[in-house]
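Colleague:
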Amino acid sequence: MPPPDADAAAHGARVAEYVAQLVADRGGVLPFSEYMDAVLYAPGLGYYSAGSHKLGSGGDFTTAPEVSPLFGRCVAAQLADAGAAGGEVLEVGAGSGRLAADALIELARTGALPARYAILELSADLRARQRATLEALAPAALPCVEWLDTLPETFSGIVFANEVLDALPVERFRRTANGVEQCVVGYEPGRFASDFRPAGAELTRAVAAIEEEVGRLPDGFESEVCLRLRPWLASLADMLTGGTLLFIDYGMSRREYYSAARSTGTLRCHYRQRAHDDPFVWPGLQDITAQVDFTAVAELGTAAGLELAGYTTQAHFLIGCGLTGFMDEPLPDDRAAVLRSQQAARLTMPGEMGERFKVIAFTRGPVSALRGFAVRDLSERL
Ligand SMILES: C[S@@+](CC[C@H](N)C(=O)[O-])C[C@H]1O[C@@H](n2cnc3c(N)ncnc32)[C@H](O)[C@@H]1O
70 MPPPDADAAA HGARVAEYVA QLVADRGGVL PFSEYMDAVL YAPGLGYYSA GSHKLGSGGD
130 FTTAPEVSPL FGRCVAAQLA DAGAAGGEVL EVGAGSGRLA ADALIELART GALPARYAIL
190 ELSADLRARQ RATLEALAPA ALPCVEWLDT LPETFSGIVF ANEVLDALPV ERFRRTANGV
250 EQCVVGYEPG RFASDFRPAG AELTRAVAAI EEEVGRLPDG FESEVCLRLR PWLASLADML
310 TGGTLLFIDY GMSRREYYSA ARSTGTLRCH YRQRAHDDPF VWPGLQDITA QVDFTAVAEL
370 GTAAGLELAG YTTQAHFLIG CGLTGFMDEP LPDDRAAVLR SQQAARLTMP GEMGERFKVI
430 AFTRGPVSAL RGFAVRDLSE RL
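Sequential numbering from 70 applies to the sequence shown in our numbering.
(1) Should Pro100 be counted as a contact of ligand 1 given a C-beta to heavy atom distance under 7 angstroms?
(2) Any chance the region 362 to 369 sits against the region 403 to 421, with 3 or more Cβ pairs inside 8 angstroms?
(3) Does any heavy atom of ligand 1 sit closer than 7 angstroms to the C-beta of Leu447?
(4) Considering Tyr380, what are the terminal residues of the beta strand (DSSP E) in which it resides?
(5) Taking 7 angstroms as the cut-off, does the CB of Thr459 come closer than this to any heavy atom belonging to ligand 1?
(6) Put Asp402 into one of helix, strand or coil per three-state DSSP.
(7) On a CA-only basis, which of Thr223, Leu139 and Leu336 is nearest Phe386? Give me that one, please.
(8) Verify whether the separation of the beta carbon atoms of Ser322 and Arg450 is less than 8 angstroms.
(9) Can you tell me whether Ser410 is buried or exposed? The criterion is at least 16 other CB atoms within 10 Å of its CB, across all chains shown.
(10) What does a CB cutoff of less than 7 angstroms around Leu309 pick up in its chain, not counting 5 residues either side in sequence?
(11) Does at least one heavy atom of ligand 1 sit under 7 angstroms from the Cβ of Tyr186?
(12) Ignoring anything shorter than 4 residues or poking outside the region 70 to 123, list the alpha helix (DSSP H) runs there in chain order.
(13) Hey, would you say the C-beta of Glu38 is under 7 angstroms away from at least one heavy atom of ligand 1?
(14) Which residues bound the beta strand (DSSP E) around Leu217?
(15) Round the Cβ separation of Gly115 and Gly353 to the nearest angstrom and send it over; I've been treating them as touching at under 8 angstroms.
(16) Pick out whichever of Leu99, Glu250, Ala181 and Gly259 has its Cα sitting closest to the Cα of Val350.
(17) May I have the straight-line CA-CA distance separating Thr382 from Phe290, to the nearest angstrom?
(18) Look up Leu173 in the DSSP assignment and give the residues it is bridged to.
(19) In whole angstroms, give me the CA-to-CA distance for Gly280 and Leu286.
(20) I believe Leu173 touches Ala210 by the beta-carbon criterion, under 8 angstroms. Please report the beta-carbon distance rounded to the nearest angstrom.
(21) Once you ignore the five residues that flank Ser448 on each side, which residues in its own chain have a CB closer than 7 angstroms to its CB?
(22) What do you get for Pro435, buried or exposed, if any count of 16 or more other CB atoms within 10 angstroms of its CB means buried?
(23) Going by C-alpha to C-alpha distance, which of Ala329, Tyr186, Gly141 and Ile388 sits closest to Val283?
(24) For the alpha helix (DSSP H) that Met396 lies in, which residues bound it at each end?
(25) Does the distance between the C-beta of Ala134 and the nearest non-hydrogen atom of ligand 1 fall short of 7 angstroms?
(26) How many angstroms separate the CA atom of Val158 from the CA atom of Ala275?
(27) Tell me whether Met321 sits in a helix, a strand or coil according to DSSP, three-state version.
(28) Residue range of the alpha helix (DSSP H) that Ser225 falls in?
(29) Compute every distance between the C-beta of Leu336 and the non-hydrogen atoms of ligand 1, then say whether any falls below 7 angstroms.
(30) Which class does Glu257 belong to by DSSP, given the choice of helix, strand or coil?
(31) Would Leu296 and Ser102 qualify as a contact pair, given that the criterion is a beta-carbon distance under 8 angstroms?
(32) Quick check: what's the CA-CA separation for Arg425 versus Glu135?
(33) For Glu271, which residues of its own chain have a beta-carbon under 8 angstroms away from its beta-carbon, when the five flanking residues on both sides are left out?
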């Protein structure tokens, strides 16, 4: 992997010093989720809170909106269905702002601009980048865009998030003959390292619930569970007085997640378009993510009083939202047509983003059928 430049290395050293102090303050070890939280979100220091480029070809990883405007156009069709026209949209974790820009351009083109397009973004640095993207690409839509620091008390409309669930800090665990162990992070001068300790009650209960469904995990099986998903979804559900929640992310059902094929878990780190599995390399300079257990998302959403409206692959969702029609639109030359075909393939092919990414939606109150799930609804697989 390419080494960081001097400025980035100096920033990484500050992050490491901050997290090492946290470890010391907590008596020598931090639960893995707190380590992940600190290196990603510590104000002014964490990966998402500080100034690295992160998304796009010059950054560490590429999300679907960075691949093609087709993605934002399809999402816009779903937003429009869900009542965006004159209503309210809330995007959570808007990254570079590219998805907001493409969606707003499409909503304006179809006469379905919302009265308000709110963005909840924790990172001040990304907020500035989102504003710059919107000023450059969709200036006419800017008057309806508003940035929020926290969730509003109540919201009616559509809330959506692309690749945010995978960025919620997870707990790592190991199954042993004696029970469940929790991954903790310690620090020896110069490096962080992990170890396992007996798990606390909440993690033990979460693993017991997984085993109730998938059967006893083999001794030595390591994986993750996102304990923050429950409060996070509950806060969105509490806020939603009526409308839709829509999440797009990479992941799978619980049975697939906790299968023998994934006996070392799904944690991945992204650094300059390279993926690896060491969360202790350059803390604060790389992204750390885990796949999403969509069965857990479905259970927690319904437990929070929402109705499951659909679950499908990204490919089926985009086709349901009109991708094929967008592909038929005339383009100025063959080069543009080839580029568009390549982008659509990346978004929809099974070996690319088409099947690894899933889409799940919940509704509260009367909402018209969501077109993204009309082609194929895979809810029975959850
Ligand atoms: C992997 S990026 C995805 C960005 C964008 N949605 C896209 O598809 O390109 C994750 C985004 O979620 C934001 N984020 C992470 N946790 C969040 C939370 N709890 N609330 C709001 N935003 C969050 C990050 O700051 C970042 O903008």
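Beta carbons: idealized from backbone N, C-alpha and C, even for Gly.
Small disclaimer: the values here were computed from a predicted structure and weren't measured.
Modeller: Looking at the coordinates:
(1) no
(2) no
(3) no
(4) Glu376 to Thr382
(5) There is simply no residue 459 to check, as the chain begins at 70 and stops at 451 in what is shown.
(6) coil
(7) Leu139
(8) yes
(9) exposed
(10) Phe224, Val228 and Arg433
(11) no
(12) 75 to 94 and 101 to 110
(13) In the structure as shown, the chain begins at 70 and stops at 451. Residue 38 is therefore absent and cannot be evaluated.
(14) Val214 to Leu217
(15) 6 angstroms
(16) Gly259
(17) 27 angstroms
(18) DSSP output for Leu173 lists no bridge partner at all.
(19) Reading the sequence as shown, one finds Glu at residue 280 and not Gly. So the two alpha carbons sit approximately 7 angstroms from each other.
(20) 4 angstroms
(21) Leu377, Gly379 and Tyr380
(22) exposed
(23) Ala329
(24) Leu392 to Met396
(25) Looking at the sequence provided, one finds Pro at residue 134 rather than Ala. Yes, ligand 1 has a heavy atom inside 7 angstroms of this Cβ.
(26) 33 angstroms
(27) strand
(28) Counting along the chain, Ser225 falls outside any alpha helix (DSSP H), though it belongs to the beta strand (DSSP E) covering Phe224 to Asn231.
(29) no
(30) strand
(31) yes
(32) 17 angstroms
(33) Leu296
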